[in-house]
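Data block below; observations after.
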Amino acid sequence: MSEPFDPQKWKPASFLPEAEARDPALIFVIGVLCFLACLMGLGVIAGARAAQGWASQLTGEATVIVRARGGETPDAAAARAAEALASVAGVTEARALEKEKAYALIEPWLGDVSDLDDLPVPRLVAVGLDDRKPATAETLDKALKAQGIDAVVDDHSVWIKDIKRAAGVVQWTAAAIFLLIAGAAGAVVAFATRAGIAARRDVVEVLHLAGAEDAQIANLFEMRFARIAAIAGAAGAGAAAALGGVLRLMGGEQGITPALPITWIDLIAVTPCPIWAALVAAVAARITARRLIQRL
Amino acid sequence: MSRNASDAADPTSDEILRFSNVSMRYGRGPEVLSDVSLSLPRGSFHFVTGPSGAGKSSLLKLIYLAARPAAGSVRLFGEDVTGMAPKDQPKVRRRIGVVFQDLLLLDHLSAFDNTALPLRIAGHKASEYRNDVAELLTWVGLGQRMHALPPTLAGGEKQRLAIARAVVNRPEILLADEPTGNVDHDMALRIYRLFVELNRLGTTVIIATHDQDLVARSARPVLHLDRGRLRPMPPQGPAE
Chain A
258 MSEPFDPQKW
268 KPASFLPEAE
278 ARDPALIFVI
288 GVLCFLACLM
298 GLGVIAGARA
308 AQGWASQLTG
318 EATVIVRARG
328 GETPDAAAAR
338 AAEALASVAG
348 VTEARALEKE
358 KAYALIEPWL
368 GDVSDLDDLP
378 VPRLVAVGLD
388 DRKPATAETL
398 DKALKAQGID
408 AVVDDHSVWI
418 KDIKRAAGVV
428 QWTAAAIFLL
438 IAGAAGAVVA
448 FATRAGIAAR
458 RDVVEVLHLA
468 GAEDAQIANL
478 FEMRFARIAA
488 IAGAAGAGAA
498 AALGGVLRLM
508 GGEQGITPAL
518 PITWIDLIAV
528 TPCPIWAALV
538 AAVAARITAR
548 RLIQRL
Chain B
167 MSRNASDAAD
177 PTSDEILRFS
187 NVSMRYGRGP
197 EVLSDVSLSL
207 PRGSFHFVTG
217 PSGAGKSSLL
227 KLIYLAARPA
237 AGSVRLFGED
247 VTGMAPKDQP
257 KVRRRIGVVF
267 QDLLLLDHLS
277 AFDNTALPLR
287 IAGHKASEYR
297 NDVAELLTWV
307 GLGQRMHALP
317 PTLAGGEKQR
327 LAIARAVVNR
337 PEILLADEPT
347 GNVDHDMALR
357 IYRLFVELNR
367 LGTTVIIATH
377 DQDLVARSAR
387 PVLHLDRGRL
397 RPMPPQGPAE
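Shown next as structure tokens:
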């Protein structure tokens, strides 16, 4: 025999059934979409860090190719160039590289170049630049010309521009895919809301005829789908964070690959996912529910 | 729970409902109500009778704003509700209790939750009405079934639950569409006495029914519909 009903202990039940048969499928679909969105987000963060790292490596240095002229030996010309460059503002270090390094650069084209002392092979000067206020290629070129040194300055600006452009393309593409996934999640929720209202037309009708306002009824569906999406979002974000953690552990310091370095702190980026998922679901459910209720 | 008996448009009016030359059709179909005019005083008790398809349910739908007339006008609580905007309808509906022909109970809610539904919609706090709801359910004979879900209730119990839900917020008008359609004779009489009791408490009652025996037993005025047209009939039985 069941316990007698005590009105004092009564708690109002939800107007909508607590659970529907389609809820697990909906949670799975939204969860997968959130998982993909979080992975995309982690990829964008890691990609941005990789691009920034490469760019900062390249902007921190310049290479000068020095050609000897007027009877001066290549080593002497390189030494003079290093000396001239060391005194330029924005240069932290200027160092003439050994001839072996210059030879190593032309070896792929000329083969064994161990005995090229008779040829005026250009020498290289590695220039370290101040990170905060680096000297420009023009400044370095002017300083070299002032000393009458025949040299070409390469500050890697072409590479840096290409890297930044590539990183920008990757980030915008990832952002577009992220928005696409969020849109798909919204569409799934809107579709589920429509199906939910169709399946619960009896509840909507009763509430409507009992004097409920459209906003009250829409709010029920809004809260319901926001809750489902938040659960799915948490599951998707958790799975993405777990995968990110595994990649981080497998790859050591640099993550799974130097191209996409994931750090532990990056995993925090997935935490807003349940909130975003709930917001997208709430907005989609509100719009869909209000439209459908007004047509009843 | 407080009774919302104010008549904002005309507080002194004794008339609660007026139909003026009302016609109604569904979509582009034929007229289900034709040129219906009536005026009901506050606190009255009327039966609406007529054969199937005569327009009884349609007449009630016009009153609880689930349909609009194709022609004519409807005044309710002294206010013209003929073309009332959807956003204004809830506050009018909250003054009306309806026992639907198919009951429209929510199967996933207990008898207690089903009954409390109109009060929750109106924004009342549980502490304000939980005792009233329990008392009402006891009054309709469901004191031992408050926790029961509608699918577990017998036909008469469901009917009484639907009545409890319809009257819980002390409506000014109670509409009942075939409230004794699926119950035996004794239960029909019990339900009728329930309506009489509510009417004594001041509620205007309009019952659409096929039950000629029930109509004959009462001394209530009858609005007889025949193919959508209203033909007033005299009371058909002794006063109780």
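For the record, the sequence lines run as chains A and B.
Residue numbers for the first sequence follow the working numbering, beginning at 258 and rising by one.
Residue numbers for the second sequence follow the working numbering, beginning at 167 and rising by one.
Beta carbons: idealized from backbone N, C-alpha and C, even for Gly.
What you are looking at is a predicted structure, and each value in this text was computed from that prediction instead of being measured.
- Query: If you measure beta-carbon to beta-carbon, which residues of the region 272–286 of chain A are closer than 7 Å to chain B?
  - Reply: Pro274
- Comparing alpha-carbon positions, which option in B/Gly322, B/Pro337 and B/Gly238 lies nearest B/Glu344? B/Gly322
- Query: In the structure shown, what three-state DSSP assignment does B/Glu301 receive?
  - Reply: The answer is helix: DSSP assigns B/Glu301 an H, G or I state.
- Message: Can you check whether the C-beta of B/Leu275 is within less than 8 Å of a C-beta belonging to chain A?
- Response: yes
- So, helix, strand or coil for A/Ser414, using DSSP? Helix.
- Task: Pull up the distance between the alpha-carbon of B/Lys291 and that of B/Asp352, whole angstroms please.
- Result: 36 Å
- Query: CB of B/Pro387 to nearest heavy atom of the ligand PLP: below 7 Å?
  - Reply: Absence of the ligand PLP is noted for the structure shown, with no ligands found whatsoever.
- Along the region 239–254 of chain B, what residues have a CB closer than 9 Å to any CB found in chain A? Pro252 and Lys253
- Query: Leaving out five residues before and five after A/Ile443 in sequence, what residues of the same chain have Cβ atoms less than 6 Å from its Cβ?
  - Reply: The residue asked about is misnamed: residue 443 of chain A is Gly in this sequence, not Ile. Closer than 6 Å at Cβ, skipping near neighbours: Val537 and Ala541.
- Query: Which residues, in chain order, does the region 178–196 of chain B contribute to contact with chain A at a C-beta distance below 7 Å?
  - Reply: none
- Item | Of the listed residues A/Glu470, A/Ala325, A/Leu524 and A/Gly490, nearest to A/Arg547 (C-alpha basis) | A/Glu470
- Task: Identify, in the order they occur along the chain, each residue of the same chain with its Cβ nearer than 7 Å to the Cβ of B/Leu199, setting aside the five sequence neighbours on each side.
- Result: Val188, Ser189, Met190, Gly221, Ser224, Leu225 and Gly394
- Identify each residue in the region 468–486 of chain A for which the Cβ-Cβ distance to at least one residue of chain B is less than 8 Å, and report them in chain order. Gly468, Ala469, Glu470, Asp471 and Gln473
- 8 Å contact criterion, which A/Leu273 and A/Ile438 should meet: CB distance rounded: That pair is no contact at about 27 Å.
- Task: Check the Cβ-Cβ distances between A/Met258 and every residue of chain B, and say whether any is below 8 Å.
- Result: Summary for A/Met258: the model assigns pLDDT 49, below 50, so the residue's position carries little reliability; its value from the coordinates is reported in the next sentence. Chain B, which has no Cβ nearer than 8 Å to the Cβ of A/Met258, makes this no.
- First through last residue of the alpha helix (DSSP H) which encompasses A/Thr316: Asp280 to Thr316
- Query: To the nearest angstrom, how far is it from the Cα of B/Asp273 to the Cα of B/Pro317?
  - Reply: 6 Å
- Message: Within 8 Å of any Cβ in chain A, is that where the Cβ of B/Asp279 sits?
- Response: yes
- Hey, out of A/Pro379, A/Ile302, A/Phe285 and A/Ala496, whose CA is closest to A/Asp523's CA? A/Ile302
- Task: Please look up how many angstroms separate the CB atoms of A/Val527 and A/Gly304, rounded, as I've assumed it's under 8 Å.
- Result: Between A/Gly304 and A/Val527 the Cβ distance is about 16 Å, and since that is not below 8 Å, they are no contact.
- Cutoff 8 Å: B/Pro345 Cβ touching any chain A Cβ: Taking Cβ atoms only, chain A never reaches closer than 8 Å to B/Pro345, which makes this a no.
- Closer than 6 Å by C-beta to B/Val202: which residues in its own chain qualify, once you throw out the five before and the five after it? Chain order, please. Phe185, Val188 and Leu396
- Task: Could you give the DSSP three-state label for B/Pro207: helix, strand or coil?
- Result: strand
- Message: I'd like the list of long-range same chain contacts for A/Ile550, defined as Cβ closer than 8 Å, with 5 residues on each side in sequence excluded.
- Response: Ile454, Val461, His465, Asp471, Ile474 and Ala475
- Task: State yes or no: is the beta carbon of B/Tyr358 nearer than 8 Å to at least one beta carbon in chain A?
- Result: no
- Task: To the nearest angstrom, report how far apart B/Thr178 and A/Val463 are at their CA atoms.
- Result: Low confidence applies here, because B/Thr178 scores a pLDDT of 49, under 50, leaving its location unreliable; read the following figure in that light. Straight-line Cα distance between these residues: approximately 32 Å.
- Task: For A/Gly347, I'd like the list of residues in its chain whose CB is within less than 8 Å of its CB, leaving aside the five on either flank, ordered along the chain.
- Result: Leu386, Asp387, Lys390, Pro391, Ala392, Thr393 and Thr396
- Message: Measuring only the C-alpha atoms, how far is A/Ala535 from A/Leu504?
- Response: Rounded to whole angstroms, A/Ala535 to A/Leu504 spans 28 Å at the Cα level.
- the region 329–344 of chain B: which residues have C-beta closer than 7 Å to a C-beta of chain A, in chain order? none
- Message: Within 10 Å of its beta-carbon, does B/Met312 have 16 or more other beta-carbons around it, so buried, or fewer, so exposed?
- Response: buried
- Name the residue from B/Arg286, B/Asp377, B/Ala332 and B/Leu283 whose alpha carbon lies nearest to the alpha carbon of B/Val306. B/Ala332
- Return yes when the Cβ of A/Ala383 is within less than 8 Å of the Cβ of A/Leu354, no when it is not. yes
- Task: Give the secondary structure of A/Glu395 by DSSP, where H, G and I count as helix, E and B as strand, and everything else as coil.
- Result: helix
- Query: Measuring CA to CA, which of B/Pro207, B/Ala382, B/Leu364 and B/His376 is closest to B/Gly216?
  - Reply: For B/Gly216, the nearest C-alpha among the options comes from B/His376.
- Message: Can you tell me whether A/Ala339 is helix, strand or coil according to DSSP?
- Response: It is helical.
- Task: Determine the DSSP secondary structure at B/Arg241, reduced to helix, strand or coil.
- Result: strand
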